[in-house]
Each structure stands twice: as C-alpha cells, then as structure tokens.
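Heads up, the thing below is written out as structure tokens.
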Amino acid sequence: MIFGVVIFGGQYNHLIVKNLKSLGVDVIQIPFKQIEDYLGKTDCLVLGGGPQSVIDNKDELAPLMEKIRLLNKPTLGICLGFQVLSSSLGGSVIKSNRPEYGLTRITIDNNDTILNSIPKSFNAWESHADEVISPPEGFEVLAKSVNGVIQAISNEKKGIFGVQFHPEVKHTEYGMKVFENFVNYCRK
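Residue numbers (my numbering): -12 to 175.
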C-alpha cells in the first residue's frame, strides 16, 4: 500500500511522512503542483499543512482543488489540507476572526473512524488563520475546539476525512491514533 503525502511546504509535513512510515506503509512525497503525476501511483492520500490560504491563494490552489473533486481514494486532510479538501468539495472556508495557535482543547461529538478510541476531550496543536465554517454536503462534523471551530469532519462512505489540528506534532495528544485509524481504514 502506497500513501501519497501532498506537500504544501508546511513546517510539519516531514512529521506526517515519519508517522506514516512508522506504521509500516510506503510513502511518496508529492509537491502539490505535481499531484496529477502521482495520483495513479498512490492508494491513499494525506494533504498536509502549509502557509497558503484557500482564500488568498485560490488561483495557485485551483488546479489541485479540481483534482480533489475527482478523487476516488481514501484521503485525510490536515490543517491547510483540511481547508483545501473542504473548499474543493463544496464546504465553506473563511478568514477566522479567532485564529488558533498553540495548544487548544478539542471536544469530540462523534468518535467516527478517524477519531476512534480517542477520549472525548484532548489537547491538540493548532496553527491556522482560516477556518472551515461548514463542511461539504454529506460530511459530518466530528469535533470542535473550545472556541467553536470545526476540528474534524468525515464522510466515511467516501473515505474522506479532515482535521484542522496537527496530529503529526508531538504536542497533540492521541495524534498518532489519528494516523493509525486512517491507515487501518485504508487497509480494509
């Protein structure tokens, strides 16, 4: 099984790769502007974080977003990747009037596949100025921060999941469990 990690230049992308490899899967790093060259070579995708904004960098991200609309493979979006995924599939993303940086308390409303076996409340590392205010149609909101910001969504039927927080960072409690849950879903 080959996982593609779409790289947006985020400072934590290498940790996504490291965590996936530690779970025994092969990983290909994919520059986001070259995603088309790699889609046929991967079984599952993880869209990492980065400094871009789906609002400010819409033209730069547009070709990728078109490819995401057509995806037919399990996908996990993290931070910017979550926002790109949500926006691509019809969700709404705005400039946040309450950006979140550092440790933030997350409350889970539904322990769906991606959050399975994680306590209802945990601390997670945040680093975002944009936020998803409504998920795409057919997606369920699984968790929110203490600030009311959507932190996790899922469409289990399609195998598409997103988290606003950074599970790859050691400061996030149960972050590795998010990766384990995604890998287990992909192995089904």
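A virtual CB, placed ideally from N, CA and C, is assigned to each residue, including glycine. From a predicted model like this one, the values you see are computed outputs, not experimental measurements.
*Of the listed residues E127, I137, K45, nearest to E143 (C-alpha basis)*: Here residue 143 corresponds to residue number 156 of the sequence shown, with the count starting at 1. For E143, the nearest C-alpha among the options comes from E127.
*asked:* Measuring straight from C-alpha to C-alpha, what distance separates V170 and Q70?
replied: Indexing the sequence shown from 1 puts residue 170 at position 183. Indexing the sequence shown from 1 puts residue 70 at position 83. The straight-line gap separating the alpha-carbon atoms of V170 and Q70 is approximately 21 angstroms.
*asked:* Once the 5 residues before and after L2 are set aside, which same chain residues still bring their CB inside 6 angstroms of it?
replied: In the sequence shown, counting from the first residue as 1, residue 2 sits at position 15. Taken in chain order, the residues that qualify are E155.
*Check each candidate in T159, T100, V150 and name the one with the smallest Cα separation from K175.*
Position 188 of the sequence shown, counted from the first residue, corresponds to residue 175. The residue from T159, T100, V150 with its alpha-carbon nearest to that of K175 is T100.
*Counted within 10 angstroms of its Cβ, other Cβ atoms place L57 as buried (16 or more) or exposed*: Counting from one through the sequence shown, the residue named residue 57 turns up at place 70. By the 10 Å Cβ count, L57 comes out exposed.
_Distance between I93 and H153 (C-alpha atoms, nearest Å)_ = Along the sequence shown, read from residue 1 onward, the residue named residue 153 stands at position 166. Along the sequence shown, read from residue 1 onward, the residue named residue 93 stands at position 106. Taking the straight line from one Cα to the other gives about 12 angstroms.
*Which one of F109, T91, L34 has the shortest CA to CA distance from N98?*
Locating residue 98 in the sequence shown gives position 111, where the first residue counts as 1. When each option's Cα is compared against that of N98, the closest is F109.
*Rounded straight-line distance, which links the Cα of N59 to that of D96*: In the sequence shown, the residue the question calls residue 96 occupies position 109. In the sequence shown, the residue the question calls residue 59 occupies position 72. For D96 and N59, the distance between alpha carbons rounds to 27 angstroms.
*Express the C-alpha separation of E124 and D46 in angstroms, rounding to a whole number.*
As a first step, residue 46 is located in the sequence shown; it is residue number 59 there, counting from the start. As a first step, residue 124 is located in the sequence shown; it is residue number 137 there, counting from the start. Roughly 23 angstroms separates the two Cα atoms.
*Between Q16 and I(-11), is the Cβ-Cβ spacing less than 7 angstroms?*
Here the question's residue 16 lines up with position 29 in the sequence shown. Here the question's residue -11 lines up with position 2 in the sequence shown. Taking 7 angstroms as the Cβ cut-off, Q16 and I(-11) do not qualify as a contacting pair.
*When burial is assigned at 16 or more other CB atoms within 10 Å of the CB, is P50 buried or exposed?*
Translated into the one-based positions of the sequence shown, residue 50 becomes position 63. With fewer than 16 other Cβ atoms inside 10 Å of its own Cβ, P50 counts as exposed.
*asked:* Less than 8 angstroms between C-beta atoms, sequence neighbours within five positions excluded: which residues of the same chain meet that for G77?
replied: Residue 77 sits at position 90 when you count from the first residue of the sequence shown. Short of 8 angstroms from the beta carbon of G77, and not among the five residues preceding or following it, lie these beta carbons of its own chain, in chain order: P123, E124.
*Helix, strand or coil: how does DSSP classify H153 here?*
Indexing the sequence shown from 1 puts residue 153 at position 166. Reduced to three states, the DSSP call for H153 is coil.
*For Q16, the three-state DSSP class (helix, strand or coil)*: Position 29 of the sequence shown, counted from the first residue, corresponds to residue 16. Under the three-state reduction of DSSP output, Q16 falls in the strand class.
*Where does the unbroken alpha helix (DSSP H) through R68 begin, and where does it stop?*
The sequence position of residue 68 within the sequence shown is 81, counting from 1. Correcting the residue identity first, residue 68 is Gly in this sequence and not Arg. In this chain, the alpha helix (DSSP H) harbouring G68 covers 67 to 75.
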